[in-house]
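Heads up, the thing below is written out as C-alpha cells.
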Amino acid sequence: MKITEESLELLRQEFKDKLFKNGIKVCSRLRECPSFGKTIFDYAKNSQGAIDFLNLAKELKRRIK
14 MKITEESLEL LRQEFKDKLF KNGIKVCSRL RECPSFGKTI FDYAKNSQGA IDFLNLAKEL
74 KRRIK
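Quick note: the sequence shown uses the numbering used here, first residue 14, plus one each step.
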C-alpha cells in the first residue's frame, strides 16, 4: 500500500463522511497548464484532471444545498 493510500485510509477512518468522495488525481495536464497561464478547463477540458475538478465541484454544490 502506498503512503498516500495509507494516509487517505487514516483520514477516512477519522473523518468518515466529512471527506469528499471525489478527489483530484495528479495528471500531466494539471502540471502543465500553469506554465501556459491557463486553467485546466482552457488547457485540457477533457483531461482526467478537469473531469476530477468538475466532479468535486458538483459534490461540493450538492453538499451546500
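Here a beta-carbon is modelled for each residue, glycine too, at the ideal position from N, C-alpha and C. These figures come from a predicted structure and were not determined experimentally.
Using the Cα positions of residue i and residue j, report the straight-line distance between them to the nearest angstrom.
i: Gly-50; j: Lys-31; result: 33 Å
i: Asp-65; j: Lys-71; result: 10 Å
i: Ile-53; j: Glu-27; result: 31 Å
i: Gly-36; j: Ala-63; result: 11 Å
Could you check whether residue j and residue i sit closer than 9 Å to each other, using their CB atoms as the reference points?
i: Leu-67; j: Phe-33; result: no
i: Tyr-56; j: Cys-46; result: yes
i: Ser-60; j: Leu-73; result: no
The alpha helix (DSSP H) spanning residue i covers which residue range?
i: Lys-71; result: 61 to 77
i: Asp-55; result: 53 to 56
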